[in-house]
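Have a look at the structure below before the remarks.
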Amino acid sequence: MLKKIVSYLLPIKIYQSKSAWSKSIEVTWANGELVLDSENTNYSYGSLQRILRKGLKTIGFKRIKKMEHVLVLGVAGGSVIKTLVDEIGFTGKITGVEIDPEIITVANTYFKINEIPNLTIVIDDAFEFILKTKDKYDLIIIDIFQDTTMPAFLFEKFFTDRVCFLLKSKGVVLFNTMCLDSESNLRNKKYVGEFYENQFKIRTIPRVEVHNELIVIEKLI
Numbered sequence: 001m002l003k004k005i006v007s008y009l010l011p012i013k014i015y016q017s018k019s020a021w022s023k024s025i026e027v028t029w030a031n032g033e034l035v036l037d038s039e040n041t042n043y044s045y046g047s048l049q050r051i052l053r054k055g056l057k058t059i060g061f062k063r064i065k066k067m068e069h070v071l072v073l074g075v076a077g078g079s080v081i082k083t084l085v086d087e088i089g090f091t092g093k094i095t096g097v098e099i100d101p102e103i104i105t106v107a108n109t110y111f112k113i114n115e116i117p118n119l120t121i122v123i124d125d126a127f128e129f130i131l132k133t134k135d136k137y138d139l140i141i142i143d144i145f146q147d148t149t150m151p152a153f154l155f156e157k158f159f160t161d162r163v164c165f166l167l168k169s170k171g172v173v174l175f176n177t178m179c180l181d182s183e184s185n186l187r188n189k190k191y192v193g194e195f196y197e198n199q200f201k202i203r204t205i206p207r208v209e210v211h212n213e214l215i216v217i218e219k220l221i
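End of the sequence shown = 221 in full-length UniProt numbering, gap-free, step of one.
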């Protein structure tokens, strides 16, 4: 409790490790809450939770609550999953795909995501998972970073087409992107501008944080 109170004045790091995928995994008390960070950016809770919460609000909490199956590509500490369960009251199936088992160990220890009964965690590469899965999903959340870097495959047409194929009727993709420079801002403009599928529409959401832009893809039929 003392650390929580003091964290309103200055952040208090309580855990640090590294893994094959992350140079640094840090759990910190900041502004009265536990957050998960990499070396240079926020991975879960804190600003990232606010960003994804806005995306979910834009889609509609009532709409999401009625869904049956949500896929989360990139779990980290599980903040978006906590928003789904604790704030929206989502009781359907949640499948979380995370490439880094050390991150899941930390998420279980400090954020208790292993206590969420409707969550199934799959340790796998997101690209490999979407090629193998036989399920269809009402909502697919893409939140994949390696520190401040986004894997190039996320913006390739093959990956986008496959993700869209996995949507159920009227399904939605919520794609969190990081834009740190003019090049990445142009990347996003090109991604949105060149997206064209008759059965889908694409749009961006006004930014909550200057370096994160949410892209929403909705299946129209």
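Note that beta-carbon positions come from the ideal geometry of N, C-alpha and C, so glycine has one too.
Shown here, Glu128 sits in a helix according to DSSP, grouped into three states. No Cβ-Cβ contact shorter than 8 Å links Leu166 with Val70. Here Arg203 is exposed. Its C-beta has fewer than 16 other C-beta atoms within 10 Å.
As summarised for the stretch 61 to 96, the continuous beta strand (DSSP E) elements at least 3 residues long and confined to that stretch are 69 to 73, given in chain order. Annotated three-state conformation of Asp37 is strand, per DSSP.
At least 8 Å separates the beta-carbon of Glu128 from that of Ser19. Residue environment analysis places Asn42 among the buried positions, since at least 16 neighbouring C-beta atoms fall within 10 angstroms of its C-beta. For Trp29, the beta-bridge partners assigned by DSSP are Ile12, Leu34. When rounded, the separation of the alpha-carbon atoms in Val173 and Ile14 is 34 Å.
For Gln16, the number of other beta carbons within 10 angstroms of its own is below 16, and it is reported as exposed.
The beta carbons of Ile123 and Ile104 sit closer together than 8 Å.
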